[in-house]
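J.:
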DNA sequence: ACAGGTTTTTAAACTTGTTCAAAACCGGAT
DNA sequence: ATCCGGTTTTGAACAAGTTTAAAAACCTGT
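Chains as they are written, first to last, in the working numbering: chain A, 8 to 228; chain B, 8 to 228.
1. Residues of chain A with a CB under 7 Å from the CB of residue 113(B): which are they?
2. Quick one, are the C-beta atoms of residue 204(A) and residue 199(B) less than 9 Å apart?
3. Anything in chain A within Cβ reach of residue 211(B), meaning under 9 Å, just list it in chain order.
4. Closer than 9 Å by beta-carbon distance: list the chain A residues that pair up with residue 152(B), in chain order.
5. With a cut-off of 8 Å on the beta carbons, I'd call residue 74(B) and residue 23(B) a contact; round off their distance for me.
6. Residue 235(A): which of 38(A), 53(A) and 111(A) sits nearest, CA to CA?
7. At least one CB of chain A closer than 9 Å to the CB of residue 214(B): is that the case?
8. Quick one, are the C-beta atoms of residue 72(B) and residue 108(B) less than 9 Å apart?
9. Quick check on DSSP: helix, strand or coil for residue 203(B)?
10. Please confirm whether residue 218(A) has its beta-carbon closer than 9 Å to some beta-carbon of chain B.
11. Helix or strand or just coil, what does DSSP make of residue 39(A)?
12. Are three or more beta carbon pairs between the region 43–59 of chain A and the region 96–106 of chain A nearer than 8 Å?
13. Residues in the same chain with beta-carbon distance under 6 Å from residue 140(B), minus the five sequence neighbours each way, listed in chain order, please.
14. Sorted by chain position, which residues of the same chain lie with C-beta nearer than 8 Å to residue 88(B)'s C-beta, five sequence neighbours on each side aside?
15. Cβ of residue 61(B) within 9 Å of Cβ of residue 40(B)?
16. Compute the Euclidean distance between the alpha carbons of residue 28(B) and residue 132(A), then round it to the nearest angstrom.
17. Using the rule of at least 16 other Cβ atoms within 10 Å of the residue's Cβ for burial, across every protein chain shown, is residue 100(B) buried or exposed?
18. Does residue 118(B) pass the burial test, meaning 16 or more other C-beta atoms within 10 Å, or should it be called exposed?
19. Find the nearest neighbour of residue 18(A) within the set 201(A), 78(A), 49(A) and 35(A), judged by alpha-carbon distance.
20. Below 7 Å on C-beta distance, what does residue 94(A) contact in chain B?
21. Given a cut-off of 9 Å, decide if residue 116(B) and residue 137(B) are closer than it, judged by their beta-carbon atoms.
22. So the alpha helix (DSSP H) residue 67(A) belongs to, where does it begin and stop?
23. Secondary structure at residue 173(B), three-state DSSP: helix, strand or coil?
24. Can you tell which of 148(A), 86(A), 130(A) and 217(A) has the C-alpha that lies nearest to the C-alpha of residue 194(A)?
25. Taking only beta-carbon atoms, is residue 149(B) less than 9 Å away from chain A?
26. Could you give the C-beta distance for residue 167(A) and residue 216(A), rounded to a whole number, given that I count them as a contact under 8 Å?
27. Quick one: give me the first and last residue of the alpha helix (DSSP H) that residue 126(A) is part of.
28. What are the start and end residues of the alpha helix (DSSP H) that includes residue 92(B)?
29. Along the region 156–171 of chain A, where does the CB come closer than 9 Å to a CB of chain B? Name the residues.
30. Taking 9 Å as the threshold (beta carbon to beta carbon), is residue 173(B) in contact with chain A?
31. Would you mind reading off the limits of the alpha helix (DSSP H) that contains residue 112(A)?
32. Please list the terminal residues of the continuous alpha helix (DSSP H) segment that includes residue 54(A).
33. Going straight from the alpha carbon of residue 218(A) to that of residue 53(A), what length do you get?
34. Going by other Cβ atoms of all chains shown within 10 Å of its Cβ, with 16 needed for buried, is residue 214(B) buried or exposed?
35. Does the beta carbon of residue 116(A) come closer than 9 Å to any beta carbon on chain B?
36. Can you check whether the CB of residue 65(B) is closer than 9 Å to the CB of residue 30(B)?
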């Protein structure tokens, strides 16, 4: 169902390129399907032949953002940063990748939160990134929490993205500030999780999240 | 700028009543401005004379939800429940009030998160409710956290509402589950906050939130 | 009662996302 | 060359949010 024809794939790609350009320049509302079609040298209906809706179009574009985040973050995780810095790196990479799409905030959220196959893939990629961020930090966080930390950080990132989506401050500076503060906080929390009380609380939080998040109907009939 | 004429106010109210009816019956997408106007016995343009947009209309309706939540919750807080139960009461009241508007999720969020004068009022009402929920619980939470607990709970509620907005499960049962779990968790956390470590973490979280949330440009040029 | 202004109402347009039936195109089998 | 089935493209239409110019209704002071 992917590429019927080489030309078809090329046209599809052209639409996406034009779209990302126009979205970045004129925002989500400011970019009309008609303008995308026109700038791609196609008729309106033709764009709809390739993408069933405007939302689907940006959703497809959003898929690429995760890869961009990973590309930007991974090289900066190599060295033995401390945990706080590594968290910050990943946060920054996320906000950088999202920046051009600020106006599509809620559409992106539906894409990110949605539970179809494609977002499972994205989730997996982000998870891997967080695992690496934790693994690459010196000193290593306490063993007790090392396993759950990536999940926890991934969760905090999701919160950050939601905040960003509704953040109206210029250049999303409030989101930047939140990212910096949250990075410090989480690093400190990781250290403290050596204490059983703290550890229990973290466990509870993770438990709540798992319980609520987990009953997504997996593939099958 | 509020009510130019008694009749004007009456018409405005009629639109709102009809709208809440139609939204509840046919959902957000299923309710058109034209249908609202028609059911109100007005012309389309006339509805727009009273409300600058469909979003603004539901935003205004959303304002009333806070009052409904308070009305529903307050009587059930009277007795000396324990903290967990009181938290649950307020959560449930929120989800009950929101229920008919599930389809307007993101629109409501923009309204709730937006930082204009009107949402300041709503915030204040919710805050008062949470203060009462804490004050009415037996045993009282540790003095150290009693002051900040309402703010913290308010924050968790906001998270719950965001989750609800994107919750596609039937009858928002996942949100209900989250509410129950979060209520337990927060109650336990309150008790634990007697311990200095926990208290410090809570302080940090509140600090982050305050720092990020507080620089809303208040009135004045 | 009436002129002058303000508020309310209307009808018609405009915009933009989306759909659809018909046409144009293309590569292979006859 | 011609027909065929599938793919791509088009142009027109529709639906619903939004805007607007002008008419109608209303008020108020004379």
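For every residue, glycine included, the Cβ atom is placed at its ideal position computed from N, Cα and C. Here the structure is a predicted model, which means the values were calculated and not measured.
T.: Walking through what the data contain:
1. In chain order: 113.
2. Yes, they are a contact pair.
3. Proximity of chain A to residue 211(B) at the Cβ level (cut-off 9 Å) is accounted for by 188, 191, 192, 195 and 196, in chain order.
4. Near residue 152(B) there are no residues of chain A at all, since even the closest Cβ is about 14 Å away, more than 9 Å.
5. Wrong, their Cβ atoms sit about 14 Å apart, outside the cutoff.
6. The displayed coordinates of chain A run from 8 to 228. Any statement about residue 235(A) would go beyond what the structure contains.
7. By this cut-off, residue 214(B) is an interface position.
8. Judged by beta-carbon spacing, residue 108(B) lies within the 9 Å limit of residue 72(B), meaning their Cβ atoms are closer than that value.
9. Reduced to three states, the DSSP call for residue 203(B) is helix.
10. Output row for residue 218(A): interface = yes.
11. In the structure shown, residue 39(A) sits in coil (DSSP, three-state: anything other than H, G, I, E or B).
12. No, the region 43–59 of chain A is not in contact with the region 96–106 of chain A.
13. Leaving aside the five residues that flank residue 140(B) on each side, the residues in its chain whose CB is nearer than 6 Å to its CB run, in chain order, 84, 93 and 97.
14. Cβ-Cβ distances below 8 Å link residue 88(B) to 96, 143, 144 and 145 in the same chain, with the five nearest sequence neighbours on each side left out; the list follows chain order.
15. Taking a C-beta distance under 9 Å as the contact criterion, residue 61(B) and residue 40(B) qualify as a contact pair.
16. One C-alpha to the other measures close to 44 Å.
17. Classified as buried, residue 100(B) has 16 or more neighbouring CB atoms from the shown chains inside 10 Å of its CB.
18. Counting every other CB atom within 10 Å of its CB across the protein chains shown gives residue 118(B) a total of 16 or more, marking it as buried.
19. If we check each option's Cα against that of residue 18(A), 49(A) comes out closest.
20. The contacting residues do not exist; residue 94(A) stays about 13 Å from chain B at best.
21. In this structure, residue 116(B) does not lie closer than 9 Å to residue 137(B) by Cβ.
22. For residue 67(A), the uninterrupted alpha helix (DSSP H) run begins and ends at 61–84, by DSSP.
23. Three-state result, residue 173(B): coil.
24. Minimum Cα distance to residue 194(A) is reached at 148(A).
25. No, its Cβ sits nowhere closer than 9 Å to a Cβ of chain A.
26. In this structure residue 167(A) does not touch residue 216(A) by the C-beta definition: roughly 15 Å separates them, more than the 8 Å allowed.
27. Per DSSP, the continuous alpha helix (DSSP H) segment holding residue 126(A) begins and ends at 124–142.
28. Start and end: 90–105.
29. Closer than 9 Å at the C-beta level to chain B, one finds these residues of the region 156–171 of chain A: 166, 169 and 170.
30. It does: the Cβ of residue 173(B) has a partner Cβ on chain A nearer than 9 Å.
31. Segment 112–120, the alpha helix (DSSP H) holding residue 112(A).
32. Boundaries of the alpha helix (DSSP H) around residue 54(A): 51–57.
33. Residue 218(A) and residue 53(A): Cα-Cα distance of roughly 44 Å.
34. Counting Cβ neighbours within 10 Å, residue 214(B) comes out exposed, since fewer than 16 surround it.
35. Yes, residue 116(A) lies at the interface with chain B (some Cβ there is under 9 Å from its Cβ).
36. In this structure, residue 65(B) lies closer than 9 Å to residue 30(B) by Cβ.
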